[in-house]
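Going line by line, the protein sequences match chains A and B. Heads up, the numbering used here is the position in the first sequence plus 14, with the first residue counted as 1. Heads up, the numbering used here is the position in the second sequence plus 7, with the first residue counted as 1. Note that CB positions come from ideal geometry on N, CA and C, so glycine has one too. Here is the structure we will look at.
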Amino acid sequence: MSIDIQIYPSLLTLVPMLFAPLFLLFRTKLVQKLLASLIIILDLLIIYRLTLIMPLDEYTGGWILRGIHLRFDNLSLIYTLLFVTVIGTSWLSSFKKNYPPLFYFLTSILLSTLNTSAITLDLFNIYVMLELSSIIAYILIAMKDNWKHLWASLKYLMISYFAFTMYLTAVGLIYMHTGTLDISRITGEIPPIIVSMLIVPLLLKSGVFPVSMWLPAAHSLAPTEVSAILSGSFVKMGSIVIFRLINTPILKQAYTPITLIALLSALTGVILAYNESNVKRILAFHTISQMGYVLAGGPIYGALHAFNHGIFKSLLFFTVGDQVEETGHYDIKALKHAKFPMHRYIFLVIGVLGISGVPLFSGFISKSMIIHHIPIYGKVVLILASVGTVASMSKLVSIGYRKSSIKLIPHYIIMATIIILVGIRYIEHVISLWTIIESLIVIIVGITIFLVIHPKHIPRILEKLDIMVIEYMLTLITVWAILYM
Amino acid sequence: MIYIAIAVVIFAIGGIGIIWKDNILLKLLSLGIMNAGVVALFVSIAGLKYRIPAILNTSGPYADPLPQAVIITSIVIGFATMSLALVFTMLISLKKGTLSSKKLQEDIDREH
């Protein structure tokens with residue numbers, strides 16, 4: 015007997031959203047585990063069924079051309095797979111710790127909003143998802159109930175509320191100009207000021223340098239699993255919306271400012287990371303840098319790098335976060351006394367090899383593709399950023415390991431397997447003498463920099479709330495000016 | 008057009024307040040003012056061509072109902088975000104005893 019159920023993209027939104035309240039109703043650990051695995055399995059099944067019939071369009075409620083326009087295509091496939099993997103492994107990791115049912119409830123709704131952002135083509139629907147996912151992030155960051163977490167979260171709340179209000183204004187103005195909110199049906203010229211008001215909030219959500227200085231404090235203070243979810247999946251939301259807008263009149267000729275900001279972010283992120291001594295903040299600055307790669311890469315290579323980055327950054331946050339929670343030290347010098355246990359260090363190194371772009375690991379594939387397809391000025395900046403990545407990641411590796419009993423930790427193994435499988439499966443697309451020499455030179459120069467140049471402490475002026483608002487406005491004006499010229 | 012200008016001015020006043028004021032509560036108040044500016048903008052966009060509200064027993068051409076439907080959602084989201092922000096502010100003042108954003112930032116830089 016075969017069960018023939020019609021599959022719609024909107025199921026990706028509905029399933030985690032409908033299951034979420036059950037986490038609050040049934041509070042025993044066993045039921046929570048069952049529910050979590052049920053959501054992940056159903057989500058993966060829906061994604062699998064949708065890949066067989068993609069690209070697939072849907073208008074909610076059957077209102078053709080008038081309902082919310084949803085589309086499941088290659089871009090959605092990469093992103094939804096990433097979201098399910100990252101949140102699934104974070105749940106796996108969280109069962110060993112004492113998380114309240116509220117955590118599962120919130121992350122389940124977060125999964126639903128992330129999935130929606132990957133399939134929706136409606137500008138206002140995107141606004142709702144941006145706000146809803148952010149509200150969940152504020153609560154997740156502040157869950158530890160300490161004034162530091164509350165302040166990091168409140169700073170993020172204010173700057174992103176400011177930004178999304180502007181996004182909403184831009185959506186209203188676009189509706190005034192074109193009479194539609196559907197990305198695929200927007201026609202005609204959109205004035206540069208509206209485009210910049212629409213794009214800069216999305217850049218803030220993506221965690222790109224001048225506008226996202228909320229990110230280091232928030233990502234480093236949050237608990238391990240929350241950091242992994244934020245860096246692995248949450249910041250990818252802005253990039254997918256930007257990729258959706260690329261072939262529309264909104265962004266047709268306007269990708270230059272985004273590339274410039276992305277390159278700036280890729281380089282500044284690693285410089286800030288290199289001069290930082292707090293391990294979780296190092297990883298957070300790397301997110302800023304890697305999101306620069308993603309946006310510079312464009313919808314094909316960028317999306318692939320978003321997937322790879324999500325996987326190895328979550329693995330890094332799991333290993334480093336577990337170590338920080340176990341020892342209670344954030345500082346790299348204090349951690350050098352404690353050292354990583356063997357079973358954790360191996361996976362840290364796999365994550366580091368991934369993010370540094372070593373051949374046979376996933377970062378190599380997407381980084382080579384991005385560097386190969388970008389104009390020459392971009393190539394130089396991205397190679398410099400790769401050198402910086404290796405240099406600052408060497409700081410983490412230099413913590414060293416101590417012998418310990420072997421433990422098999424499932425969520426580490428899942429992430430490491432994906433990194434290596436992707437790295438080996440797609441290597442034929444990028445492998446050449448030039449890319450291998452390039453990656454070897456990058457690694458050697460990076461390690462030399464780590465050995466020769468000593469990090470300096472950089473004051474955190476850019477992370478003040480009023481400065482963040484000014485940074486935001488300056489970016490907005492810069493994007494506008496570039497578009498106007 | 009005059010209504011759009013007024014809306015932009017309200018929006019700008021809110022934005023300046025966020026940069027200028029040190030107290031978190033005043034910053035949140037400025038955010039609220041800014042949101043009011045956006046609401047005003049949307050309502051004036053809806054009434055650009057026709058002013059008659061889209062209610063059954065009035066006769067058409069109506070003002071565009073979609074911006075208003077959109078802004079209702081935004082007001083609700085704004086309410087939720089603002090409540091959350093106020094709860095956070097309350098907890099910070101209970102735990103830390105200050106609402107000055109400058110002082111909080113200095114302390115977090117020293118300790119984290």
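Does the Cβ of residue i have 16 or more other Cβ atoms within 10 Å, making it buried, or fewer, making it exposed?
| i | result |
| --- | --- |
| threonine 449 of chain A | buried |
| histidine 233 of chain A | buried |
| phenylalanine 97 of chain A | buried |
| valine 142 of chain A | buried |
| glutamate 118 of chain B | exposed |
| tryptophan 77 of chain A | exposed |
| tyrosine 391 of chain A | exposed |
| isoleucine 200 of chain A | buried |
| valine 372 of chain A | buried |
| arginine 58 of chain B | exposed |
| isoleucine 204 of chain A | buried |
| methionine 251 of chain A | buried |
| leucine 490 of chain A | buried |
| glutamate 452 of chain A | buried |
| aspartate 345 of chain A | exposed |
| serine 108 of chain B | buried |
| isoleucine 227 of chain A | Checking the sequence, you will find methionine at residue 227 of chain A rather than isoleucine. That one is buried. |
| proline 35 of chain A | exposed |
| phenylalanine 331 of chain A | buried |
Near residue i, which residues of its chain fall below 7 Å by C-beta distance, leaving aside the five closest residues on each side in sequence?
| i | result |
| --- | --- |
| leucine 497 of chain A | Pro206, Val209, Ser210, Ala268, Pro271 |
| leucine 309 of chain A | Ser220, Val222, Ser253, Ile256, Ile272, Ala276, Gly316 |
| isoleucine 150 of chain A | Leu120, Ile123, Leu124 |
| leucine 398 of chain A | Leu281 |
| alanine 166 of chain A | Ile155, Ala231, Ala232, Leu235 |
| valine 401 of chain A | Val456, Val459, Gly460, Ile463 |
| glycine 283 of chain A | Phe223, Phe299, His300, Ile302, Ser303, Gly306 |
| isoleucine 140 of chain A | Ser131, Thr134, Val255 |
| methionine 15 of chain A | Since pLDDT at methionine 15 of chain A reaches only 45, below the 50 mark, its modelled position is unreliable, and the value read off the structure follows with that caveat. Answer for methionine 15 of chain A: no residue qualifies. |
| valine 404 of chain A | Ser370, Val456, Ile457, Gly460, Ile461 |
| phenylalanine 37 of chain A | Gln46, Leu49, Pro115, Tyr118, Phe119, Ser122 |
Below 6 Å CB to CB, which residues in the same chain sit around residue i once its five sequence neighbours on both sides are set aside?
| i | result |
| --- | --- |
| leucine 410 of chain A | none |
| tyrosine 62 of chain A | none |
| leucine 349 of chain A | His343, Ile413 |
| alanine 69 of chain A | Just to set this straight, residue 69 of chain A is proline in the shown sequence, not alanine. Closer than 6 Å at Cβ, skipping near neighbours: Asp87. |
| threonine 333 of chain A | Arg358, Phe361, Leu362 |
| isoleucine 428 of chain A | Thr103 |
| valine 2 of chain A | Missing from the structure shown is residue 2 of chain A; chain A here goes from 15 to 499 and no further. |
| leucine 265 of chain A | Leu259 |
Do residue i and residue j have their C-beta atoms within less than 8 Å of each other?
| i | j | result |
| --- | --- | --- |
| isoleucine 60 of chain A | isoleucine 101 of chain A | no |
| alanine 70 of chain B | alanine 61 of chain B | yes |
| leucine 84 of chain A | leucine 135 of chain A | yes |
| tyrosine 73 of chain A | alanine 132 of chain A | no |
| phenylalanine 33 of chain A | leucine 64 of chain A | no |
| phenylalanine 2 of chain B | proline 74 of chain B | The question about residue 2 of chain B has no answer, for chain B in this structure spans 8 to 119. |
| asparagine 289 of chain A | isoleucine 67 of chain A | no |
| aspartate 336 of chain A | threonine 238 of chain A | yes |
| asparagine 322 of chain A | serine 380 of chain A | yes |
| leucine 101 of chain B | asparagine 30 of chain B | no |
| serine 247 of chain A | glycine 324 of chain A | yes |
| isoleucine 484 of chain A | isoleucine 433 of chain A | no |
| phenylalanine 176 of chain A | methionine 41 of chain B | yes |
| arginine 258 of chain A | aspartate 116 of chain B | no |
| serine 279 of chain A | methionine 356 of chain A | no |
| aspartate 71 of chain A | leucine 26 of chain A | no |
| tyrosine 486 of chain A | valine 225 of chain A | yes |
| tyrosine 113 of chain A | alanine 50 of chain A | no |
| tyrosine 189 of chain A | leucine 195 of chain A | yes |
| valine 214 of chain A | valine 493 of chain A | yes |
Which same chain residues, not among the five before or five after residue i, have their C-beta less than 8 Å away from its C-beta?
| i | result |
| --- | --- |
| proline 72 of chain B | Ala53, Ala61 |
| isoleucine 11 of chain B | Leu48, Ser51, Ile52 |
| histidine 163 of chain A | Ile155, Ala156, Met157, Leu235, Ala236 |
List the residues of chain E that residue i touches, going by C-beta distances under 9 Å, in chain order.
| i | result |
| --- | --- |
| glutamine 112 of chain B | Absent here is chain E; the protein component of the structure consists of chains A and B. |
Which residue spans inside the stretch 283-369 of chain A form an unbroken alpha helix (DSSP H) run of at least 4?
If we require 4 residues or more, the alpha helix (DSSP H) runs fully inside the stretch 283-369 of chain A come out as 293-341, 346-352.
Does the stretch 53-68 of chain B touch the stretch 19-27 of chain B, meaning 3 or more C-beta pairs lie closer than 8 Å?
Result no; under three Cβ-Cβ pairs closer than 8 Å.
Is the stretch 470-483 of chain A close to the stretch 299-308 of chain A, with three or more CB pairs under 8 Å?
Counting Cβ pairs under 8 Å, fewer than three are found: no touch.
Runs of beta strand (DSSP E) lying entirely within the stretch 205-238 of chain A, each at least 3 residues, in chain order:
Those beta strand (DSSP E) runs which fall completely within the stretch 205-238 of chain A and span 3+ residues do not exist here.
Alpha helix (DSSP H) runs contained entirely in the stretch 96-180 of chain A, provided each spans 4 or more residues:
Counting whole runs of 4 or more residues, the stretch 96-180 of chain A contains the alpha helix (DSSP H) stretches 115-133, 137-155.
Is there contact between the stretch 237-245 of chain A and the stretch 167-185 of chain A, where contact requires at least three CB pairs shorter than 8 Å?
With fewer than three CB-CB distances shorter than 8 Å, the stretch 237-245 of chain A does not count as touching the stretch 167-185 of chain A.
Across the stretch 81-90 of chain B and the stretch 33-46 of chain B, are there enough close Cβ pairs to call them in contact, namely three or more that are closer than 8 Å?
Cβ pair count under 8 Å is three or more, so yes.
Quick check on the DSSP output: what are the complete alpha helix (DSSP H) runs of length 4 or more inside the stretch 69-103 of chain B, in order along the chain?
Runs of the alpha helix (DSSP H) inside the stretch 69-103 of chain B: 72-103.
Alpha helix (DSSP H) runs wholly inside the stretch 390-463 of chain A, at least 4 long, in chain order
Listed in chain order, the alpha helix (DSSP H) runs fully inside the stretch 390-463 of chain A are 390-411, 424-439, counting runs of at least 4 residues.
Can you list the beta strand (DSSP E) stretches of 3 or more residues lying completely in the stretch 253-285 of chain A, in chain order?
List check, beta strand (DSSP E) in window: nothing returned.
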